[in-house]
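In terms of the working numbering, the sequence shown is residues 6 to 563.
Okay, structure first, notes after.
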Amino acid sequence: MIEKNLIEIYESSFRNHWDKMALSDYGGKKQYTYAELARRIALWHLMFKEMGLEPGDKVALMGKDNADWCVVFMSILTYGTVLVPILPDFSPIDTQTIVEHSDSKAIFIADNFWAKLEPEKFGLLQYVIGLNSGKVLWEKSGDGRIADAVLRKEDIFSAAYPQGFKVEDVRYHHTSNSDMVLLNYTSGTTGFSKGVMLTGNNLAGNIVFAQTKKILLPGEDILCFLPLAHAYSCTFNLFLAMAQGAHLHLLGRIPAPSVLLKAFADVKPRLILSVPLVLERIYRDIIAPKLNKPVVKTLMKIPFVKRLILSKIRKALDKGLGDNFREVIIGGAAMNDEVARFLKKIGFHFTIGYGMTECAPLISYVPWREWRIGSCGRPLDGYMEARIDYTGYEGQESGEIQVRGENVCLGYFKKPELIDELFTSDGWMHTGDLGTMDKDGFIYIKGRSKAMLLSANGQNIFPETIESKLNMCPLVLESLVISDHKRLVALVVPNEDAIKKQGLTPEAGWAEIEAFRDVLNEQLGSYEKVVRFERQEEPFVKTPKQSIKRFLYTRKED
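In structure tokens form, the structure reads like this:
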């Protein structure tokens, strides 16, 4: 058990960093110091009391990422209530299911999202508060008592703190680290969303580990462009920043390349949390075309010129990301091996970690200097352990990665029957990921067990690896490798914009893509060869985390 109580971490942080900037909407007007954040939290706590909420009650939160979203998030957490974050990309039906299944008594929701829901279908829900307006949008009793209290909240606040709100007034409910504080619904690719029960200890394990590694320091800037309702971004953009007294800037819009580059230049973050796609696209669309020019290829054969070219690329890449970062941490998905090798070769300060919602989320990580190509770091020393179980994979290179430690969740809410599926008889958690581990403890992920395909002669095929190579074709937007009568077929979505930029017709563009199959197969083993490409006109259906829902495209085998 982690010695530091999760809530006490924030109580101390807000007091110690009182005058520092805490939250800012990038390009917006909302900016809060830690003092202002603490005051707003105290105000919402008074409203929670008016609502009759008690520690342990569930409160949902759904809306676009912004400073006020973070204020409400921290308010729910520090009151002792259980937070139920809902990704804004969830459909109205999924949202209603989560609110109902979680037993939420209140929900903070973006006003426009609420318009799509039907309050009469919620059983335990008592109050709906507009995340944008701060007003009560609906209360079950219909008497308007809470709506009136919210309108008078400043008067109520003044009565509670007649001498003004001071640093010593920051006092929160110290929920035990062994209790659930976060109920996070996964957005998996199998079509079944589960509520992961995360404790204060799970979150404290992540935060304390990051603090010991000095991943982020007080007063430093960090730019959030990944969805905060997802565990990876929530823990290391929000939880860590607030625990360290850092300044969190919320992008609050779609992270298009031009938007991101300007934001990086303005904020100059010291830590960057990203998914592989960002760097993969920079490499594929900007770096690789330059390196493939005949004159550059010739110059790269001259050692000292090669060093100059690679150094220039590294400096340009650093500048594009604000030229102030200590490290870029990649998570959420596997990174293309070609891209990772190139970035390692030029000395780019990046590392790849491994985690999942069930571990709040971190399982493994090492600083950029220690990171090894193809790996996702080592299990968190003193916090997490990992092993490879070859049961059912005898004779194969890879087995299932299983973990245990401080960050492992309690299980799935209202799903006790899944405990045996989640944990082994000796207490290790099934990750569902297949991989290997070297003698130094570095983990190498090969793919998801549920996504794995079998060749005709029984060899394991990891479609994600093939897709990663295929997606390096500039004319490919995305792809999905499936098995069709034990033969590999790639469903491919053409990149229409890239095709137009090259002056090609859609037909000519597809011909270029099909020609790439020979290039792809040269990089694959004999049992991994793709027999054909099939054109996919529409992008694949995805989870809110933007993972393809593979089950929708599975074909019946012989």
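Backbone N, C-alpha and C fix where the C-beta goes; we use that ideal spot for every residue, glycine too.
Being a predicted model, the structure only gives us computed values, none of them experimental.
Around the Cβ of A47, a 10 Å sphere holds 16 or more other Cβ atoms; the residue is buried. A direct Cα-to-Cα measurement between A513 and K505 gives close to 10 Å. Under the three-state reduction of DSSP, A115 is assigned to coil, being neither helix nor strand. When L188, K140, I103 and E55 are compared, the shortest CA-CA separation from A365 is found for L188.
The C-beta of L313 has fewer than 16 other C-beta atoms within 10 Å across all chains shown, which makes the residue exposed. E539 sits in a strand when the DSSP states are folded into three classes. Separation of the CB atoms of E533 and I471 is rounded to 6 Å, and the pair is thereby assigned contact status at 8 Å.
Bridge partners of D24 according to DSSP: none are assigned. Around the Cβ of H252, a 10 Å sphere holds 16 or more other Cβ atoms; the residue is buried. A straight line joining the alpha-carbon of P384 with that of F170 spans about 43 Å. Beta-bridge pairing by DSSP links L367 to G360. Runs of alpha helix (DSSP H) with 4 or more residues, each lying fully within the stretch 238-276, are found at 245-249 and 262-272, listed in chain order.
Using a Cβ-Cβ distance cut-off of 8 Å, the stretch 219-230 and the stretch 254-265 are in contact, since at least three pairs of beta carbons, one from each stretch, lie closer than that value. Here the alpha carbons of G358 and E405 stand approximately 17 Å from one another. Per DSSP, I406 is not a residue of any alpha helix (DSSP H); the beta strand (DSSP E) it occupies stretches across G404 to G410. Restricted to the stretch 433-519, the beta strand (DSSP E) segments that are unbroken, complete and at least 3 residues in length are 434-442, 448-453, 481-489 and 492-499, listed in chain order.
Counted as a single uninterrupted DSSP element, the stretch harbouring N10 is not any alpha helix (DSSP H), since DSSP gives it neither H nor E.
In the DSSP assignment, no residue is bridged to G379.
Taken through DSSP and simplified to helix, strand or coil, Y395 comes out as coil.
Taken atom to atom, the span from the alpha-carbon of A293 to that of T86 is near 50 Å.
Taken through DSSP and simplified to helix, strand or coil, I553 comes out as strand.
If you look at V213, you'll find it in the alpha helix (DSSP H) that goes G205 to T217. By the C-beta criterion, the stretch 141-153 is judged not to be in contact with the stretch 30-47, since fewer than 3 inter-stretch pairs fall below 8 Å.
The closest CA to that of M6, considering only R319, N211 and S238, is found on N211. Assigned with DSSP and collapsed to three states, Q101 falls in helix.
Residues of the same chain with a CB within less than 6 Å of the CB of G446, apart from the 5 flanking positions on each side, are R383 in chain order. DSSP places A65 within a strand segment (E or B) once states are collapsed to three.
Here the alpha carbon of I368 sits roughly 8 Å from the alpha carbon of M361. Residue burial annotation: P274 is buried, with at least 16 other C-beta atoms found within 10 angstroms of its C-beta.
Two segments are said to touch when three or more pairs of C-beta atoms, one from each, lie closer than 8 Å; by this definition the stretch 373-380 touches the stretch 347-358. In its chain, beyond the 5 residues on either side, N189, T362, A365 and P366 have a beta carbon closer than 7 Å to the beta carbon of A236. Burial is judged here by how many other beta carbons sit within 10 angstroms of a residue's own beta carbon; N297 has fewer than 16 and is exposed. In the DSSP assignment, Y190 falls outside any alpha helix (DSSP H) and within the unbroken beta strand (DSSP E) covering M185 to Y190. With fewer than 16 other Cβ atoms inside 10 Å of its own Cβ, T217 counts as exposed. For V333, the enclosing beta strand (DSSP E) begins and ends at E332 to I335. Contact annotation: the stretch 102-110 touches the stretch 123-132, with at least three C-beta pairs closer than 8 Å.
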